[in-house]
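Number of protein chains: 2
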Amino acid sequence: MANKEIPYKIYLEESEMPKKWYNVRADMANKPAPLLNPGTLKPMTAEELGVVFCDELVQQELNDTDAWIDIPEEIVNFYKMYRPSPLVRAYCLEKKLQTPAKIYYKFEGNNTSGSHKLNSAIAQAYYAKQQGLKGVTTETGAGQWGTALSMACAYLDLDCKVYMVKVSYEQKPFRREVMRTYGASVTPSPSETTEVGRRILREHPGTTGSLGCAISEAVEVATSHEGYRYVLGSVLNQVLLHQSVIGLEAKTAMDKYGIKPDVIIGCAGGGSNLGGLISPFMGEMLRGEADYHFIAVEPASCPSFTRGKFLYDFCDTGKICPLAKMYTLGSGFIPSANHAGGLRFHGMSSTLSQLYHDGLMEARAVEQTSVFEAAEQFARIEGILPAPESSHAIRVAIDEALKCKETGEEKTILFGLTGTGYFDMVAYEKFHNGEMSDYIPSDEDLQAGFDGIPRFPGNE
Amino acid sequence: MANKEIPYKIYLEESEMPKKWYNVRADMANKPAPLLNPGTLKPMTAEELGVVFCDELVQQELNDTDAWIDIPEEIVNFYKMYRPSPLVRAYCLEKKLQTPAKIYYKFEGNNTSGSHKLNSAIAQAYYAKQQGLKGVTTETGAGQWGTALSMACAYLDLDCKVYMVKVSYEQKPFRREVMRTYGASVTPSPSETTEVGRRILREHPGTTGSLGCAISEAVEVATSHEGYRYVLGSVLNQVLLHQSVIGLEAKTAMDKYGIKPDVIIGCAGGGSNLGGLISPFMGEMLRGEADYHFIAVEPASCPSFTRGKFLYDFCDTGKICPLAKMYTLGSGFIPSANHAGGLRFHGMSSTLSQLYHDGLMEARAVEQTSVFEAAEQFARIEGILPAPESSHAIRVAIDEALKCKETGEEKTILFGLTGTGYFDMVAYEKFHNGEMSDYIPSDEDLQAGFDGIPRFPGNE
Numbered sequence: 001m002a003n004k005e006i007p008y009k010i011y012l013e014e015s016e017m018p019k020k021w022y023n024v025r026a027d028m029a030n031k032p033a034p035l036l037n038p039g040t041l042k043p044m045t046a047e048e049l050g051v052v053f054c055d056e057l058v059q060q061e062l063n064d065t066d067a068w069i070d071i072p073e074e075i076v077n078f079y080k081m082y083r084p085s086p087l088v089r090a091y092c093l094e095k096k097l098q099t100p101a102k103i104y105y106k107f108e109g110n111n112t113s114g115s116h117k118l119n120s121a122i123a124q125a126y127y128a129k130q131q132g133l134k135g136v137t138t139e140t141g142a143g144q145w146g147t148a149l150s151m152a153c154a155y156l157d158l159d160c161k162v163y164m165v166k167v168s169y170e171q172k173p174f175r176r177e178v179m180r181t182y183g184a185s186v187t188p189s190p191s192e193t194t195e196v197g198r199r200i201l202r203e204h205p206g207t208t209g210s211l212g213c214a215i216s217e218a219v220e221v222a223t224s225h226e227g228y229r230y231v232l233g234s235v236l237n238q239v240l241l242h243q244s245v246i247g248l249e250a251k252t253a254m255d256k257y258g259i260k261p262d263v264i265i266g267c268a269g270g271g272s273n274l275g276g277l278i279s280p281f282m283g284e285m286l287r288g289e290a291d292y293h294f295i296a297v298e299p300a301s302c303p304s305f306t307r308g309k310f311l312y313d314f315c316d317t318g319k320i321c322p323l324a325k326m327y328t329l330g331s332g333f334i335p336s337a338n339h340a341g342g343l344r345f346h347g348m349s350s351t352l353s354q355l356y357h358d359g360l361m362e363a364r365a366v367e368q369t370s371v372f373e374a375a376e377q378f379a380r381i382e383g384i385l386p387a388p389e390s391s392h393a394i395r396v397a398i399d400e401a402l403k404c405k406e407t408g409e410e411k412t413i414l415f416g417l418t419g420t421g422y423f424d425m426v427a428y429e430k431f432h433n434g435e436m437s438d439y440i441p442s443d444e445d446l447q448a449g450f451d452g453i454p455r456f457p458g459n460e
Numbered sequence: 461m462a463n464k465e466i467p468y469k470i471y472l473e474e475s476e477m478p479k480k481w482y483n484v485r486a487d488m489a490n491k492p493a494p495l496l497n498p499g500t501l502k503p504m505t506a507e508e509l510g511v512v513f514c515d516e517l518v519q520q521e522l523n524d525t526d527a528w529i530d531i532p533e534e535i536v537n538f539y540k541m542y543r544p545s546p547l548v549r550a551y552c553l554e555k556k557l558q559t560p561a562k563i564y565y566k567f568e569g570n571n572t573s574g575s576h577k578l579n580s581a582i583a584q585a586y587y588a589k590q591q592g593l594k595g596v597t598t599e600t601g602a603g604q605w606g607t608a609l610s611m612a613c614a615y616l617d618l619d620c621k622v623y624m625v626k627v628s629y630e631q632k633p634f635r636r637e638v639m640r641t642y643g644a645s646v647t648p649s650p651s652e653t654t655e656v657g658r659r660i661l662r663e664h665p666g667t668t669g670s671l672g673c674a675i676s677e678a679v680e681v682a683t684s685h686e687g688y689r690y691v692l693g694s695v696l697n698q699v700l701l702h703q704s705v706i707g708l709e710a711k712t713a714m715d716k717y718g719i720k721p722d723v724i725i726g727c728a729g730g731g732s733n734l735g736g737l738i739s740p741f742m743g744e745m746l747r748g749e750a751d752y753h754f755i756a757v758e759p760a761s762c763p764s765f766t767r768g769k770f771l772y773d774f775c776d777t778g779k780i781c782p783l784a785k786m787y788t789l790g791s792g793f794i795p796s797a798n799h800a801g802g803l804r805f806h807g808m809s810s811t812l813s814q815l816y817h818d819g820l821m822e823a824r825a826v827e828q829t830s831v832f833e834a835a836e837q838f839a840r841i842e843g844i845l846p847a848p849e850s851s852h853a854i855r856v857a858i859d860e861a862l863k864c865k866e867t868g869e870e871k872t873i874l875f876g877l878t879g880t881g882y883f884d885m886v887a888y889e890k891f892h893n894g895e896m897s898d899y900i901p902s903d904e905d906l907q908a909g910f911d912g913i914p915r916f917p918g919n920e
């Protein structure tokens, strides 16, 4: 098949869709560090985690030995409503850039949540339903995860309570209505509805919120209401596991046409898309079967990889969650309200953190006006209006393609186009009006966050 | 292939995409009546039409003999960026409705314009570019057509001036930003920028606008600026021609799996989606090769087919356009601002009007709250948040499926899901808040529109 003409969009047959998720941890020599109980500083047990998370998801969270996990048939069927997602050859972009590089993107935005988040939302909602729960709670930043979870819960007839980072709630008034269409309740965070929310509001009056705050509130509600559990759209191992469908589909499609990517690029907030996209490729590299150049792209205003510390930290601002070992800006870090493009989480997936720490991945921080320039350029050439988050990956994909133009290298670039920007028009408007600025935290700005990292022996 | 298992989504290969558009007029015994010059009441010549429209599009407009028109390669390649669109088997909806009916929909919303409008936008922009024009002008109602044209013009580097119906401009603040992302200029209509706009504002102060007004303004600008022509997103024969890709793809996909639809349903504003979807099926019926039940669905608040008159009328409120013979509420008809769901045009495609007049099609009017009920139900079950326009077709598809449940008939239903509702959240919010009401014009309400239909011998 290697010489078959490559279409603009490669769609797999439904029969070619993955039947199992791939668990990259199984192939890692250095496993990601376990979650710790912040009281005892001992690894969280399944029982302890079961207070917050659904039982089956706890098993997936702790499982770092099985490389393949069956996808339940009901989830496969739900996937079929919006998957396989297309692997797109960016012929028009290549031509416009006059690059010898071949550019591909895996487009996850063709569903109403507008992003890849639905891949894990349906899995988590499914296991909650299986366990006989009444509902789930969660946080959402840009709103994509909240929308995805609302959709999954509507489908399965589960209650869904969403805490939405206040700045997004205000910037994206219509996101709330979409979630409402799917029957979810949405509360701007921090709120007065929880103890931790009230505390954060006292300590930081006028805060525009952060994912960390919203997580604390959602966890509090889940653990204080009978029949509820908390679910999370990124960061966790289980989420990377579910998101491996992105990479598995991409790899199957590329293998089918004899394409081997040289560079694989993804935006990184908590790491769900990046982890999902690269997992099967990283697996090959870990097993010594292939070699790839992975690039994680993060906003310069929330630079967990490039300026964070690799330490145990809370996943939430309220410090009620377990400790995860990860690249972190400190759970006290709250990104500038000026920053429009999602990816506002202070930490990063433990799995990706370990891979980065082991030198298996590069990370780059990019500034938001250059991200929106890339977004607009991409929209006009490729027709898809991208989410600001996804546009971080576009920025670096274009940069890499332009490097190829200089060097003449015919590299094959694959990037994750995680979603669409239809609910981000306030940010686009700012950009069009020249009202968007860049914010790069100084070392002093970052210090406040680092002060919040818990200190204990071995975590300095 | 007849017994092959039918996937959730049927995607054609790029090689199976249509290379020619199908011109249903060629197979009609009773051709649609020609456009008339309102001054002479004689059929518009190519030369006269060439003042307003691009030359090649004039040829397509007048051509009622050639059944197949080649799609230029550049347009085929643009189509490949977002087509083929999926033909979806609504397994989940069928199950939820417990109907023996088999429901399919052709989903045209997976592109940034959010609808099928892009199919004709790229064609019209392409011919304008070929003719060496500087730019094009147009009107937009819900904003889908304007967005589509902006995308096509950005791709081809053409200037794009959009007149947007004022009520939509206000209800859809972010649509403007999307068009701006694609470099278009957007003016709410009626406006002070044109003579006809100023006149309409004098005569109807406080009007929320209508497609008819916006058309008048866009035509005035096109004909008074060197190097510009006017393009229209619906109603015209050329648009139905371009939109035939919808039906052609649907038919190829169905034939591939041995599926024959019994009922084919589309929403009808100006007729572009309905005409495009049904064309190849209607062609078979006209040639006596097959039999189908076609249903046009229109809003009860703008009921051109079901309560209009089949007469020559202006396509625009300002009465500067040629006369078209069509089902019309009168060019003076301005739909209630209360009506949220697009499909606000007073008239209807001449081709569809003739087919309806000849008894080849049924028409139904539906009320908007029942449309939004169907929209929400569909969103929760099938995952896609539909445009209000498209939801008119969903309403009737569900009604037909429920009839099958009563009678036990295993009908195969095909409907057009023209687009997504991501920019319609103001309307959804109204619906959620119980603030949406239905408006059905009384006969007296309609009289004002009918008074505006031009009177001349044979047009009474």
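So the protein sequences, as listed, match chains F and D.
Counting from 1, position 405 in the first sequence corresponds to residue 405 in the working numbering; the numbering is continuous, with no gaps.
Counting from 1, position 192 in the second sequence corresponds to residue 652 in the working numbering; the numbering is continuous, with no gaps.
Even glycine gets a Cβ: it sits at the ideal position worked out from N, Cα and C.
As far as DSSP is concerned, residue 17 of chain F takes part in no beta bridge.
Each of F/39, F/275, F/81 was checked against the Cα of residue 354 of chain F, and the nearest Cα belongs to F/275.
Annotated as distal: residue 186 of chain F and residue 219 of chain F, with beta-carbon spacing of 8 Å or more.
One thing to note: residue 753 of chain D has its Cβ within 8 Å of the Cβ of residue 822 of chain D. Neighbours of residue 839 of chain D in chain F, taken as residues at a C-beta separation under 9 Å, are given in chain order as 112, 151, 154, 178, 181, 182. For residue 181 of chain F, the enclosing alpha helix (DSSP H) covers residues 173-181. Residue 775 of chain D: not part of any alpha helix (DSSP H); DSSP gives it neither H nor E. Shown here for residue 287 of chain F: same chain residues with a beta carbon closer than 7 Å to its own, the five before and five after excluded, namely 27 in chain order.
For the region 679-705 of chain D, there are no residues whose beta carbon sits under 8 Å from a beta carbon of chain F. Within chain D, the residues placing a beta-carbon under 7 Å from that of residue 82 of chain F are 843, ordered along the chain. Distance from the Cα of residue 347 of chain F is smallest, within the candidate group F/367, F/315, F/230, for F/315. Straight-line spacing of the CA atoms in residue 159 of chain F and residue 78 of chain F works out to 18 Å. By the 16-neighbour rule on beta-carbons within 10 angstroms, residue 750 of chain D is exposed. Within the region 372-437 of chain F, the complete beta strand (DSSP E) segments of 3 residues or longer fall at 412-417, listed in chain order. With fewer than three CB-CB distances shorter than 8 Å, the region 188-202 of chain F does not count as touching the region 893-907 of chain D. Residue 50 of chain F and residue 411 of chain F have their C-alpha atoms roughly 46 Å apart. Within the region 774-798 of chain D, not one residue has a Cβ closer than 9 Å to any Cβ of chain F.
Using a 10 angstroms sphere on the CB of residue 46 of chain F, the tally of other CB atoms stays under 16, which defines it as exposed. Looking at the backbone, the Cα of residue 5 of chain F and that of residue 475 of chain D are separated by about 11 Å. In terms of Cβ geometry, residue 23 of chain F and residue 70 of chain F do not form a close pair [threshold 8 Å]. Taking the Cα positions, residue 269 of chain F is about 27 Å away from residue 404 of chain F. For residue 396 of chain F against residue 364 of chain F, the beta-carbon gap comes to about 6 Å, under 8 Å, which counts as contact. Distances from the CA of residue 492 of chain D to each of D/810, D/911, D/915, D/781 were compared; the closest alpha carbon is that of D/810.
In the DSSP assignment, the residues bridged to residue 362 of chain F are F/295. By the Cβ neighbour-count rule, residue 433 of chain F is exposed, with fewer than 16 other Cβ atoms within 10 Å of its own. For the options F/378, F/136, F/245, the alpha carbon positioned closest to that of residue 91 of chain F is the one of F/378. Annotation: residue 494 of chain D has no Cβ neighbours in chain F at a cutoff of 8 Å; minimum Cβ distance is about 36 Å. Within 9 Å of the CB of residue 467 of chain D, the CB atoms of chain F belong to 13, 14, 15, 80, in sequence order along the chain. Here residue 848 of chain D is buried, its C-beta having at least 16 other C-beta atoms within 10 Å. Apart from sequence neighbours up to five positions away, the residues of its chain that approach residue 63 of chain F with a beta-carbon distance below 7 Å are 23, ordered along the chain.
The C-beta of residue 852 of chain D comes no closer than 8 Å to any C-beta of chain F. Distance from residue 532 of chain D to residue 477 of chain D at the Cβ level is roughly 14 Å; contact not present, criterion being Cβ atoms closer than 8 Å. The DSSP-derived three-state label of residue 717 of chain D is coil.
About 12 Å separates the beta carbons of residue 802 of chain D and residue 835 of chain D, which is beyond the 8 Å limit, so they are not a contact pair. At a cut-off of 8 Å, the C-beta of residue 174 of chain F has a neighbouring C-beta in chain D. A distance below 8 Å between beta-carbons, with the five flanking residues on each side excluded, links residue 826 of chain D to the following residues of its chain, in chain order: 757, 758, 759, 760, 852, 855, 856.
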